[in-house]
Amino acid sequence: MLPVLLKKRGHGTSLASLLLGSMIVFALLLAACNSSSAPSAAPTPITPGVLTVGSDTTYPPQEYIDPKANKAAGFDVDLITAIAQHMGLQAHIVTTRFDTILDDLVAKHFDVVISAVSITPERQQQVDFTPYLTAGESLLVQEGNPKHIASTDDLCGLSVGVQSGTLEQGVLQSSSDNCQEQDKPAITIIALQDQTAVIQLLAQNRVAATYQDSPVTDYYVQQHPNQFAVGSSVVFSGPEGIAVRKDDASMLSAIQTAYNQVKAAGTYHQLILKWGLTNEELTAIDRRLNYA
Numbered sequence: 248m249l250p251v252l253l254k255k256r257g258h259g260t261s262l263a264s265l266l267l268g269s270m271i272v273f274a275l276l277l278a279a280c281n282s283s284s285a286p287s288a289a290p291t292p293i294t295p296g297v298l299t300v301g302s303d304t305t306y307p308p309q310e311y312i313d314p315k316a317n318k319a320a321g322f323d324v325d326l327i328t329a330i331a332q333h334m335g336l337q338a339h340i341v342t343t344r345f346d347t348i349l350d351d352l353v354a355k356h357f358d359v360v361i362s363a364v365s366i367t368p369e370r371q372q373q374v375d376f377t378p379y380l381t382a383g384e385s386l387l388v389q390e391g392n393p394k395h396i397a398s399t400d401d402l403c404g405l406s407v408g409v410q411s412g413t414l415e416q417g418v419l420q421s422s423s424d425n426c427q428e429q430d431k432p433a434i435t436i437i438a439l440q441d442q443t444a445v446i447q448l449l450a451q452n453r454v455a456a457t458y459q460d461s462p463v464t465d466y467y468v469q470q471h472p473n474q475f476a477v478g479s480s481v482v483f484s485g486p487e488g489i490a491v492r493k494d495d496a497s498m499l500s501a502i503q504t505a506y507n508q509v510k511a512a513g514t515y516h517q518l519i520l521k522w523g524l525t526n527e528e529l530t531a532i533d534r535r536l537n538y539a
């Protein structure tokens, strides 16, 4: 049995208050960016002096709840903490559901999101991104791969676990449709909000495989080599990004500046090594893509 790794991933404001809040925000961001440019309109942060970060903390090794410390940990958590420090702010991680995480960001429940969010054209219509990692998708299966699964094409007629609201869920649905077009049985897709619960499905033999970001697959294989194995090569590799509201240009600039400072200081690479994400390290950005 897989051990439990994680704990259970306004109106009426006065004009004076709004102006004061805007002045505080601009002062913080100006110091972080070290820029003399004029401020753009930016929402008031949840708490002055704090960078409030939305994250689905059920997705190791990028974000999860450390059961010993009972607080958020992982590569993403370490990175956004370092970024916040360069901005002169303290990072506060707010655990939230992945399938609503960008909607919650737009609704100003937090300032930014870091949660293994793949950058897609659809998501770029909703928020702006600072790319920080590259990752693909892969299948996790039982050790020994008893079903001989090599790709999503081999999943017809099988039960597969996936986190709801992810790109992987959409890929599985497309694969299931392809199965039926070939007169094969559909894939039984079990979508859960918590990635840890998804992995438990495989540990309990309730599914033949799970489908998730490649760093997550690799993490569970490393943690439980006698229980799990990689069931497919990495596919659909692409950038993941820190998300910021489209009306928050000052925050986007501050995040980008602080991220570049973290990389220049060597902290980014140190965190890559700490969390075993050398295959996912973002060394260059494809300038053909418009992230903002």
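With the numbering used here as the guide, the letters of the sequence shown map in order to residues 248 to 539. Where a beta carbon is used, it is the ideal one built from N, C-alpha and C, also for glycine. Since we're looking at a predicted model, the values are computed, not measured.
Problem set entry | Per-residue DSSP class, three states only, for Glu487 | For the purposes of this step, residue 487 is taken as residue 240 along the sequence shown, with counting starting at 1. Note: Glu487 maps to strand in three-state DSSP.
For this session: Taking all protein chains shown into account, decide if Val527 is buried (16 or more other Cβ within 10 angstroms of its Cβ) or exposed.
Result: Start at 1 with the first residue of the sequence shown, and residue 527 comes out as number 280. What sits at residue 527 in the sequence shown is Glu, not Val. Taking all protein chains shown into account, Glu527 has 16 or more neighbouring C-beta atoms within 10 Å of its C-beta and is therefore buried.
For this session: Look at the alpha carbon of Ile312 and the alpha carbon of Ser406, and state the distance between them as a whole number of angstroms.
Result: Taking the sequence shown and counting its residues from 1, one reaches residue 312 at position 65. Taking the sequence shown and counting its residues from 1, one reaches residue 406 at position 159. Each residue's alpha carbon lies about 28 Å from the other.
For this session: Output the distance between the C-alpha atoms of Pro295 and Glu369, rounded to the nearest integer angstrom.
Result: Indexing the sequence shown from 1 puts residue 295 at position 48. Indexing the sequence shown from 1 puts residue 369 at position 122. About 31 Å.
Exercise. Mapping DSSP to helix, strand and coil, what is Leu276?
Worked result: The residue you call residue 276 lines up with position 29 of the sequence shown. Here Leu276 scores only 37 on pLDDT, less than 50, and its place in the model is too uncertain to base an answer on.
For this session: Could you tell me the distance, in whole angstroms, from the CA atom of Phe483 to the CA atom of Ala331?
Result: Walking along the sequence shown from the start, residue 483 turns up at place 236. Walking along the sequence shown from the start, residue 331 turns up at place 84. If you draw a straight line from the Cα of Phe483 to the Cα of Ala331, it comes to about 30 Å.
For this session: Report all residues from its chain with a CB closer than 7 Å to the CB of Ile434; omit the five preceding and five following residues, and keep chain order.
Result: Taking the first residue of the sequence shown as 1, we reach residue 434 at position 187. Excluding positions up to five away in sequence, the list reads Leu402, Cys403, Leu405, Val407, Leu419, Ser422, Ser423, Cys426.
Problem set entry | Simplified DSSP assignment, three categories, for Thr381 | One-based indexing of the sequence shown puts residue 381 at position 134. For Thr381, the secondary structure class from DSSP, reduced to helix, strand or coil, is strand.
For this session: Let me know the secondary structure DSSP gives Glu415 once reduced to three states.
Result: Looking up residue 415 in the sequence shown gives position 168. Three-state result, Glu415: helix.
Exercise. Who pairs with Leu298 in a beta bridge, going by DSSP?
Worked result: The residue labelled residue 298 in the question sits at position 51 within the sequence shown. Partner(s): Ala338.
Exercise. Is it buried or exposed for Thr530, if we count other Cβ within 10 angstroms and need 16 for buried?
Worked result: If you number the sequence shown from 1, residue 530 lands on position 283. When all chains shown are included, Thr530 counts as exposed.
Exercise. Given that a residue counts as buried once 16 or more other Cβ atoms are within 10 Å of its Cβ, and exposed if not, what is Ser365?
Worked result: For this step, residue 365 is matched to residue 118 along the sequence shown. Residue environment for Ser365: buried (at least 16 other C-beta atoms within 10 angstroms of its C-beta).
Exercise. How many angstroms separate the CA atom of Val272 from the CA atom of Val463?
Worked result: As a first step, residue 272 is located in the sequence shown; it is residue number 25 there, counting from the start. As a first step, residue 463 is located in the sequence shown; it is residue number 216 there, counting from the start. Confidence at Val272 is low in this model, with a pLDDT of 36, below 50, so its placement is unreliable and no value can be given for it.
Exercise. According to the Cβ coordinates, are Thr399 and Ser479 closer than 9 Å?
Worked result: Taking the first residue of the sequence shown as position 1, residue 399 is located at position 152. Taking the first residue of the sequence shown as position 1, residue 479 is located at position 232. It is a contact, given that the beta carbons lie within the stated cut-off.
Problem set entry | Ala512 versus Ile436: straight-line alpha-carbon distance, rounded | By one-based count along the sequence shown, residue 512 stands at place 265. By one-based count along the sequence shown, residue 436 stands at place 189. Straight-line measurement puts the Cα of Ile436 at about 44 Å from the Cα of Ala512.
Problem set entry | Residue nearest to Gln337 in terms of C-alpha spacing, selected from Ala316, Val359, Thr299, Thr304 | Taking the sequence shown and counting its residues from 1, one reaches residue 337 at position 90. Selected option, being the one with the closest Cα: Thr299.
Exercise. Tell me the DSSP bridge mates of Gly408?
Worked result: Counting from one through the sequence shown, the residue named residue 408 turns up at place 161. DSSP output for Gly408 lists Ile437, Thr457 as bridge partner(s).
For this session: Could you pull the start and end residues of the alpha helix (DSSP H) that Ala501 belongs to?
Result: Looking up residue 501 in the sequence shown gives position 254. Membership of Ala501 in the alpha helix (DSSP H) is indicated by the continuous run 496-511.
Exercise. If you draw a straight line from the alpha carbon of Leu520 to that of Val374, how long is it in whole angstroms?
Worked result: If you number the sequence shown from 1, residue 520 lands on position 273. If you number the sequence shown from 1, residue 374 lands on position 127. Looking at the two C-alpha atoms, the distance is approximately 29 Å.
Exercise. In chain order, what residues of the same chain have a beta carbon less than 6 Å from the beta carbon of Val360, not counting five sequence neighbours either side?
Worked result: In the sequence shown, residue 360 corresponds to position 113, counting from 1. The beta carbon of Val360 sits closer than 6 Å to the beta carbons of Gly301, Ile348, Leu352, Ala490 from its chain, once the five residues preceding and following it are set aside; these are given in chain order.
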